[in-house]
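J.:
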Amino acid sequence: MATRTTVDVVNAHRASGRFIEVDKLNTFVLDKGTGEAVVCLHGVPTSSYLYRKVIDELADGGMRGISFDLPGLGFTDRPEAYDYSFTGLARFASLATDVLGLDSYHLVVHDIGGPVGFAVATDQAERVRSLTILNTMIDVVHFEKPLPMRPFAIPIVGETELAAMAHATWPIVFRKMCVTDTEGIPLEEMNAYIDLLKLTDKGSAFLKIMRSFTQTEAFRDRCYRAVQDVSYPVQAIWGDQDPGLTYERYGEEIKQVAGLRHVHRLPAKHFLQEEQAPAIAQRIIDIAKSFRP
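Quick note, our numbering runs 4 ahead of the 1-based positions in the sequence shown.
Below, the structure is given as structure tokens:
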């Protein structure tokens with residue numbers, strides 16, 4: 005039996021989805037299952053690939069799991085001239101739900117997909133049926149990038165740091181920052197993150213995203229409106245061993261701003277979708293069943 009390679013993993017991921025046109029961009033989307041739609045927004049340096057296990061679990065649980073690659077990441081186009089700010093990505097995500105024909109959906113957000121998704125939820129509040137928040141930030145004004153991500157915001161330094169991210173080095177970062185245990189994650193699946201990040205432009209669009217965070221008070225207020233006095237239920241699920249977006253700082257912040265009684269804490273780091281897909285999917289299914297319009 006031939007050994008599976010990272011190229012095989014990336015190709016299999018591509019084959020498992022399809023392409024749609026959003027804002028004139030060729031956009032990759034995972035779309036599996038039937039039933040109520042669940043839109044899962046990723047962050048950086050990831051893509052819909054991060055949600056592949058969650059999507060499968062949702063589909064098996066009777067839901068329609070959806071995750072599309074944001075511009076500049078994964079298989080979606082990476083134009084040089086594009087608005088890669090949170091505001092621009094939120095506009096794109098809203099357009100994607102239109103193209104997908106989603107009159108209503110449950111929303112899941114993670115990493116910078118948090119502020120992007122919060123803006124979408126505020127703009128499409130009448131269509132959102134529930135909101136599930138995974139390790140992210142909401143007070144964008146006071147957000148500080150975790151130490152390992154800061155170099156990417158600096159010209160030249162970021163390019164150098166990105167070039168150093170390769171198959172030989174990424175698994176070390178992956179183990180330290182992303183997951184608590186790599187025993188069940190094959191090396192080729194870890195390295196697929198790097199290939200999908202650099203795919204056609206060596207990661208230059210990713211650097212644009214990292215240098216375009218929207219951190220205004222107006223955008224923060226837009227994020228807050230997604231979790232305060234809303235008609236849909238809100239929950240937070242946290243990988244409580246995340247060394248960057250720590251529960252103590254960012255999980256508690258979400259809890260306070262959203263007025264949550266508690267946060268569902270799971271033994272995982274930042275990529276909790278890799279380690280806790282069944283638990284995450286079940287929580288999403290449970291909150292979906294709790295909604296009564």
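Note that the Cβ used here is the ideal one computed from N, Cα and C, for glycine as well.
Should residue 42 and residue 62 be called a contact, given that it needs their Cβ atoms to be closer than 8 Å?
T.: Cβ atoms of residue 42 and residue 62: closer than 8 Å.
J.: Report the option in 261, 289, 274, 231 whose CA atom is closest to the CA atom of residue 185.
T.: Taking only the C-alpha atoms, the option nearest residue 185 is 274.
J.: Does DSSP classify residue 179 as helix, strand or coil?
T.: Of the three classes helix, strand and coil, the one that applies to residue 179 here is helix, per DSSP.
J.: Jot down the residue ranges of each uninterrupted alpha helix (DSSP H) in the region 59-121, minimum 4 residues, whole runs only, in chain order.
T.: Runs of the alpha helix (DSSP H) inside the region 59-121: 90-103.
J.: State yes or no: is the C-beta of residue 245 within less than 8 Å of the C-beta of residue 271?
T.: Yes.
J.: Inspect the beta-carbon positions of residue 13 and residue 130 and report whether they are closer than 8 Å.
T.: No.
J.: Just how far apart, CA to CA, sit residue 214 and residue 105?
T.: If I take the Cα positions, the gap works out to 30 Å.
J.: Can you tell me whether residue 243 is helix, strand or coil according to DSSP?
T.: Residue 243: strand per DSSP, three-state reduction.
J.: In chain order, which alpha helix (DSSP H) runs of at least 4 residues are fully inside the region 120-184?
T.: Entirely contained in the region 120-184, the alpha helix (DSSP H) runs reaching 4 residues are, in chain order, 161-168, 174-177.
J.: Look at the alpha carbon of residue 248 and the alpha carbon of residue 183, and state the distance between them as a whole number of angstroms.
T.: So the alpha carbons of these two residues sit roughly 12 Å apart.
J.: Quick check on the DSSP output: the alpha helix (DSSP H) that includes residue 35 runs from which residue to which?
T.: Looking at the DSSP string, residue 35 is not in any alpha helix (DSSP H); the run it does join, the beta strand (DSSP E), is 29-36.
J.: When the Cα atoms are used, what is the spatial distance from residue 251 to residue 114?
T.: Taking the straight line from one Cα to the other gives about 14 Å.
J.: Closest to residue 122 by C-alpha separation, out of 103, 156, 90, would be which residue?
T.: Measuring from the Cα of residue 122, the nearest candidate turns out to be 90.
J.: On a Cα-Cα basis, can you pick out the residue from 103, 156, 15 that is closest to residue 26?
T.: Comparing Cα-Cα distances from residue 26 to each of 103, 156, 15, the minimum goes to 103.
J.: Check whether the Cβ atoms of residue 191 and residue 175 lie closer than 8 Å to each other.
T.: Yes; because the gap between Cβ atoms is below 8 Å, this pair is in contact.
J.: May I ask you to report which of helix, strand or coil DSSP gives residue 265?
T.: Looking at residue 265 - three-state DSSP - the assignment turns out to be coil, as it is neither helix nor strand.
J.: What separation, rounded to the nearest whole angstrom, lies between the Cα atoms of residue 112 and residue 119?
T.: Near 11 Å, if we compare the C-alpha coordinates of residue 119 and residue 112.
J.: Taking the alpha carbon of residue 92 as the point to measure from, which residue in 241, 22, 212 has its own alpha carbon closest?
T.: Nearest option by C-alpha distance: 212.
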